[in-house]
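Peer 1: Here it is, the structure in full.
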Amino acid sequence: MPGNLESGWVQSYDDVIASPAFLEDLNALNAVIVQSLEDAGEAAVINGNVLYTNKLKDFHKAEFSEDMEPKRRALVAMAQRSRCFVEVGVAGGHAVLLALHANPDLKAVGIDMAVRVKPFWPPVDIFVPAAAAWMEKRFPERFRLIRKDAVEGLKDVAQTRPFGPVDMLHLDGGKKGRIQELEAIWPALAEHGYLMQGDYPNGHVQADTAMMIERGLAREITDADFPPAESKLFKAVETGQRVLSESVVLKDFKGKRILICTAHQDDEVLFAGGLLGKVARDAEVTVACFFRPAEGRKDTDTRIGAMRQVCESLGVGCVQYPFAVESHHRPLRRFVVLHSEPEENRGRKVRPIERHGLYPVLRDTAFAAIRQYRPDIVFTHNREGEYGHREHVLLHHAVVEAARHADTPMLLSFGVGQEGRPGLTVTYDKRRKKKLFDVYMPQWDGPRLYDFALEPETYVREALFPISG
Numbered sequence: 033m034p035g036n037l038e039s040g041w042v043q044s045y046d047d048v049i050a051s052p053a054f055l056e057d058l059n060a061l062n063a064v065i066v067q068s069l070e071d072a073g074e075a076a077v078i079n080g081n082v083l084y085t086n087k088l089k090d091f092h093k094a095e096f097s098e099d100m101e102p103k104r105r106a107l108v109a110m111a112q113r114s115r116c117f118v119e120v121g122v123a124g125g126h127a128v129l130l131a132l133h134a135n136p137d138l139k140a141v142g143i144d145m146a147v148r149v150k151p152f153w154p155p156v157d158i159f160v161p162a163a164a165a166w167m168e169k170r171f172p173e174r175f176r177l178i179r180k181d182a183v184e185g186l187k188d189v190a191q192t193r194p195f196g197p198v199d200m201l202h203l204d205g206g207k208k209g210r211i212q213e214l215e216a217i218w219p220a221l222a223e224h225g226y227l228m229q230g231d232y233p234n235g236h237v238q239a240d241t242a243m244m245i246e247r248g249l250a251r252e253i254t255d256a257d258f259p260p261a262e263s264k265l266f267k268a269v270e271t272g273q274r275v276l277s278e279s280v281v282l283k284d285f286k287g288k289r290i291l292i293c294t295a296h297q298d299d300e301v302l303f304a305g306g307l308l309g310k311v312a313r314d315a316e317v318t319v320a321c322f323f324r325p326a327e328g329r330k331d332t333d334t335r336i337g338a339m340r341q342v343c344e345s346l347g348v349g350c351v352q353y354p355f356a357v358e359s360h361h362r363p364l365r366r367f368v369v370l371h372s373e374p375e376e377n378r379g380r381k382v383r384p385i386e387r388h389g390l391y392p393v394l395r396d397t398a399f400a401a402i403r404q405y406r407p408d409i410v411f412t413h414n415r416e417g418e419y420g421h422r423e424h425v426l427l428h429h430a431v432v433e434a435a436r437h438a439d440t441p442m443l444l445s446f447g448v449g450q451e452g453r454p455g456l457t458v459t460y461d462k463r464r465k466k467k468l469f470d471v472y473m474p475q476w477d478g479p480r481l482y483d484f485a486l487e488p489e490t491y492v493r494e495a496l497f498p499i500s501g
C-alpha cells in the first residue's frame, strides 16, 4: 500500500495514476456515470476535471488531458501531505478519486449543488449524484457529499468538521467569491494546509488569490519538493492560521501608519510598550483609548494624563474618546464568557455581544478612527481579553468589525492569553519599558499586578476578510 510523507515513503505520481487499483476504480466510476446519463437519454458528456477535457463526448474512452497533468501532479502532492480534503465542485468525483488513491489515510468531503443552473451545462443533476453515491459506497468511511452551494457547504464543514481539521482545499468554477469561500471554511482549517484554485485564468479568481496573499491568508508554496504549483489552468498556495501568523515581521512596520486601539490607559504600555519603543521612530503611530477611567479609583484623575505623557515620551500620538466609562455599563458577563471561567459557566447561554449597549458606540468610534488615521496596521485586544478582561473582549469584536468595514489591510491582536497561537514575538529593552510604567505609579503598579508585563511581547495576526459584495 502507498504511504504518505509522515511514513517516509510515498508513491510517485506516475505510479499512482497508472496503478491497477486506481484504474479499476476509475473504470467503475465512469461506468456508473455513463449509465446514469444513458438512462436519462443524455450523451456521455460531463464537466471538465483533472482527468478529462470539458464537455468531451464519450469522455470515458478518451486519454487523460495533457493540459491537466500539472494540476494532477499538484493534486497528488497535496493529497500526500494532507489528512482532510474538501472540494467545491465535485462533478464526476475524479479529483477526489485520484486524491484518495494518492493517500490511503486521506478523507474527503465534496460540496456540490448538483443542479443544472444553466442549460448549456452538462447534466450535473444526473451524473453528480450518481458519482457521489458510488464514491460513498466505495469509500464509506472516507467520503461524503454535501449538496449545498459553495459557501453554505463550506460553513457546514466548518461547523461539523466531519473528518477533523481541513488541510487540503480545492475551489473550482470560474466565478466571483473565492475569498468568501475561504472565509466560510477558515474556522475549520488546520494550522497549515493547501489551497488549489481551479479555473485560474478567470480574472475574479486571480484577483481573489492576490488578495488572499496580500492579507496573509495564503502564500506561495514553500516546500522545495512540491511539483510546479501553477499552470495556465490552476494555482496552488499554502493557507491556514500558521501561514497568516507568519506573514508579518517587525520590519514590515517601517514607514507605515499604525493605530493601536486600547480599552484603557496603561494597556498601551502593558501589551505594546516594547513594540512602541521599537517602531515609533520609523512609523506614524497613534494610540486610541476607548474607555474613560472609572470614578473612585486612586488614579482616576491621573490615568489620562499618564497615557499622554507616555505617548509623548515615545513620540507617538494619542487620543482619548469620551463615549464610554470603565465598568459603568450592564454587566458584560451576560455577553462574554471567558475560557478562564469554570466549565459550568462556559456552558451557559449568553447574549450576542453586538446587543450590548456599548457595542455600536465602540464599533462606530473605531470605524471613525480608522477613517481618520488611515492606518496600514491596526492593533487591539484579543478574543480572550488577554488575562480575562471583558471590556477588552468587547472592544476586540468592535474593532474587528470596524476594521473589516473600513477594509483595513492588517489587524493584529495582543498575544497575551493566546499562547497556543503562533505569531510575532518582539523582544525589547526592559529597562526602557519599566520607565514607561513609572509614569503611572505610585497609584498603579503594573509590573507587580501583571506578571506578563516584562515578558517578550507577542502579537497574532487576525484573519481579516473583506465585506462580501
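All residue numbers for the sequence shown refer to the numbering used here, where the first residue is 33 and numbers rise by one.
C-beta atoms are modelled at their ideal positions from N, C-alpha and C, and glycine is treated no differently.
A quick note: this is a predicted structure, and the numbers were derived from the prediction, not measured.
With DSSP as the reference, label residue 228 as helix, strand or coil.
Peer 2: Counted from its first residue, the sequence shown places residue 228 at position 196. Three-state DSSP puts residue 228 in a strand.
Peer 1: Is the beta carbon of residue 184 sitting closer than 7 Å to the one on residue 175?
Peer 2: Here residue 184 is taken as the residue at index 152 of the sequence shown, counted from 1. Here residue 175 is taken as the residue at index 143 of the sequence shown, counted from 1. No.
Peer 1: Report the residue from 122, 420, 344 and 490 whose alpha carbon sits nearest the alpha carbon of residue 370.
Peer 2: Mapped onto the sequence shown, residue 370 falls at position 338. The candidate whose alpha carbon is nearest that of residue 370 is 420.
Peer 1: Assuming contact is defined by CB atoms lying nearer than 7 Å, are residue 456 and residue 301 in contact in what I supplied?
Peer 2: As a position in the sequence shown, residue 456 is number 424, starting the count at 1. As a position in the sequence shown, residue 301 is number 269, starting the count at 1. Contact: no.
Peer 1: Do residue 492 and residue 341 count as a contact pair if the criterion is CB distance below 7 Å?
Peer 2: Here residue 341 refers to the residue found at position 309 when the sequence shown is read from its first residue. Here residue 492 refers to the residue found at position 460 when the sequence shown is read from its first residue. No; because the gap between Cβ atoms is not below 7 Å, this pair is not in contact.
Peer 1: For the segment 255 to 313, which segments carrying the alpha helix (DSSP H) assignment without a break, of at least 4 residues, lie completely within its bounds, in sequence order?
Peer 2: 273 to 277 and 299 to 311
Peer 1: Restricting to Cα atoms, I'd like to know which of 192, 412, 76 and 494 is closest to residue 303.
Peer 2: Start at 1 with the first residue of the sequence shown, and residue 303 comes out as number 271. Measuring from the Cα of residue 303, the nearest candidate turns out to be 412.
Peer 1: Can you tell me whether DSSP reads residue 367 as helix, strand or coil?
Peer 2: Locating residue 367 in the sequence shown gives position 335, where the first residue counts as 1. Looking at residue 367 - three-state DSSP - the assignment turns out to be coil, as it is neither helix nor strand.
Peer 1: Give the DSSP-derived three-state secondary structure of residue 361 in the structure shown.
Peer 2: Within the sequence shown, the letter at position 329 stands for residue 361. Three-state result, residue 361: coil.
Peer 1: Given this structure, state the Cα-to-Cα distance separating residue 127 from residue 273, to the nearest angstrom.
Peer 2: On the sequence shown, residue 127 is found 95 positions in, with the first residue counted as 1. On the sequence shown, residue 273 is found 241 positions in, with the first residue counted as 1. Straight-line Cα distance between these residues: approximately 25 Å.
Peer 1: For residue 482, I'd like the list of residues in its chain whose CB is within less than 8 Å of its CB, leaving aside the five on either flank, ordered along the chain.
Peer 2: Here residue 482 refers to the residue found at position 450 of the sequence shown. 302 and 419, listed in sequence order.
Peer 1: What's the gap between the Cα of residue 63 and the Cα of residue 92?
Peer 2: Residue numbering aside, residue 63 sits at position 31 when the sequence shown is read from its first letter. Residue numbering aside, residue 92 sits at position 60 when the sequence shown is read from its first letter. When rounded, the distance between both Cα atoms is 8 Å.
Peer 1: Just confirm the distance between the C-beta atoms of residue 215 and residue 497, as a whole number of angstroms; I'd bet it's less than 8 Å.
Peer 2: As a working mapping, residue 215 is identified with position 183 in the sequence shown. As a working mapping, residue 497 is identified with position 465 in the sequence shown. Residue 215 to residue 497, Cβ: 4 Å. Contact.
Peer 1: Using DSSP's beta-bridge definition, name the partner residues of residue 134.
Peer 2: The count along the sequence shown starts at 1 and reaches residue 134 at position 102. Answer is none; residue 134 lacks a bridge partner.
Peer 1: Once you ignore the five residues that flank residue 116 on each side, which residues in its own chain have a CB closer than 7 Å to its CB?
Peer 2: Along the sequence shown, one-based indexing puts residue 116 at 84. 139, 195, 196, 197, 198, 199 and 200, listed in sequence order.
Peer 1: Can you tell which of 488, 473 and 435 has its C-alpha closest to the C-alpha of residue 494?
Peer 2: As a position in the sequence shown, residue 494 is number 462, starting the count at 1. Comparing Cα positions, the closest option is 435.
Peer 1: Exposed or buried, which one is residue 178 when buried takes at least 16 other CB atoms within 10 Å?
Peer 2: Here residue 178 corresponds to residue number 146 of the sequence shown, with the count starting at 1. Answer is buried; the Cβ neighbour count reaches 16.
Peer 1: How long is the line joining the alpha carbons of residue 109 and residue 256, rounded to whole angstroms?
Peer 2: One-based indexing of the sequence shown puts residue 109 at position 77. One-based indexing of the sequence shown puts residue 256 at position 224. If you take the alpha carbons of residue 109 and residue 256, they lie about 12 Å apart.
Peer 1: Pull up the distance between the alpha-carbon of residue 308 and that of residue 486, whole angstroms please.
Peer 2: By 1-based counting over the sequence shown, the position of residue 308 is 276. By 1-based counting over the sequence shown, the position of residue 486 is 454. Cα atoms of residue 308 and residue 486: separation of roughly 14 Å, rounded to the nearest angstrom.
Peer 1: For the alpha helix (DSSP H) holding residue 211, just list the boundary residues, first then last.
Peer 2: As a position in the sequence shown, residue 211 is number 179, starting the count at 1. Residues 210 to 217.
Peer 1: Leaving out five residues on either side along the sequence, give the residues of the same chain with a beta carbon under 7 Å from the beta carbon of residue 430.
Peer 2: To locate residue 430, count along the sequence shown from 1; it is residue 398. Only 391, 394, 395 and 398 meet the Cβ criterion.
Peer 1: Output the distance between the C-alpha atoms of residue 329 and residue 213, rounded to the nearest integer angstrom.
Peer 2: Looking up residue 329 in the sequence shown gives position 297. Looking up residue 213 in the sequence shown gives position 181. Taking the straight line joining both Cα atoms gives about 48 Å.
Peer 1: Give the list of continuous alpha helix (DSSP H) stretches no shorter than 4 residues that lie fully inside the segment 419 to 451.
Peer 2: 422 to 437
Peer 1: Pull up the distance between the alpha-carbon of residue 45 and that of residue 264, whole angstroms please.
Peer 2: Stepping through the sequence shown from its first residue, residue 45 is reached at position 13. Stepping through the sequence shown from its first residue, residue 264 is reached at position 232. So the alpha carbons of these two residues sit roughly 20 Å apart.
Peer 1: Considering only C-alpha positions, which residue in the set 182, 440, 409 and 319 is nearest to residue 351?
Peer 2: Here residue 351 is taken as the residue at index 319 of the sequence shown, counted from 1. Residue 351 has its Cα closest to that of 319, out of 182, 440, 409 and 319.
Peer 1: Consult DSSP for residue 84 and reduce its assignment to one of helix, strand or coil.
Peer 2: Along the sequence shown, read from residue 1 onward, the residue named residue 84 stands at position 52. Reduced to three states, the DSSP call for residue 84 is coil.
Peer 1: Beta-carbon within less than 8 Å of residue 461's beta-carbon, same chain only, minus the 5 sequence neighbours each way: which residues are those?
Peer 2: The count along the sequence shown starts at 1 and reaches residue 461 at position 429. Within the same chain, residue 461 has close Cβ partners 306 and 309.
Peer 1: Suppose you measure from the CA of residue 152 to the CA of residue 144; what does that come to, to the nearest Å?
Peer 2: Residue 152 sits at position 120 when you count from the first residue of the sequence shown. Residue 144 sits at position 112 when you count from the first residue of the sequence shown. Distance between the alpha carbons of residue 152 and residue 144: 18 Å.
Peer 1: What does the alpha-carbon distance come out to for the pair residue 238 and residue 297?
Peer 2: By 1-based counting over the sequence shown, the position of residue 238 is 206. By 1-based counting over the sequence shown, the position of residue 297 is 265. Each residue's alpha carbon lies about 44 Å from the other.
Peer 1: When you compare only the Cα positions, how much space is there between residue 408 and residue 440?
Peer 2: Locating residue 408 in the sequence shown gives position 376, where the first residue counts as 1. Locating residue 440 in the sequence shown gives position 408, where the first residue counts as 1. Going by the C-alpha atoms only, they are around 7 Å apart.
Peer 1: Indicate the three-state DSSP secondary structure (helix, strand or coil) for residue 187 in the structure shown.
Peer 2: Start at 1 with the first residue of the sequence shown, and residue 187 comes out as number 155. Helix at residue 187.
Peer 1: Within the same chain, show all residues whose beta-carbon is closer than 6 Å to that of residue 501, passing over the 5 residues directly before and after it, in chain order.
Peer 2: Here residue 501 refers to the residue found at position 469 of the sequence shown. At residue 501, the pLDDT of 49 sits below 50, so the modelled position is not reliable and the matter cannot be decided from this model.
Peer 1: Kindly indicate the opening and closing residues of the beta strand (DSSP E) around residue 320.
Peer 2: The residue labelled residue 320 in the question sits at position 288 within the sequence shown. Where residue 320 is concerned, the enclosing beta strand (DSSP E) stretches over 316 to 324.
Peer 1: Could you tell me if residue 381 is buried or exposed, where buried requires 16 or more neighbouring beta carbons within 10 angstroms of its beta carbon?
Peer 2: Position 349 of the sequence shown, counted from the first residue, corresponds to residue 381. Classification of residue 381: exposed, given that the 10 Å Cβ count is below 16.
Peer 1: Beta-carbon separation of residue 423 and residue 449 under 7 Å?
Peer 2: For the purposes of this step, residue 423 is taken as residue 391 along the sequence shown, with counting starting at 1. For the purposes of this step, residue 449 is taken as residue 417 along the sequence shown, with counting starting at 1. No, the pair does not count as a contact, with Cβ atoms beyond the cut-off.
Peer 1: So what does residue 497 bridge to, in DSSP terms?
Peer 2: Taking the sequence shown and counting its residues from 1, the one referred to as residue 497 is at position 465. Looking at the DSSP output, residue 497 shares a beta bridge with no other residue.
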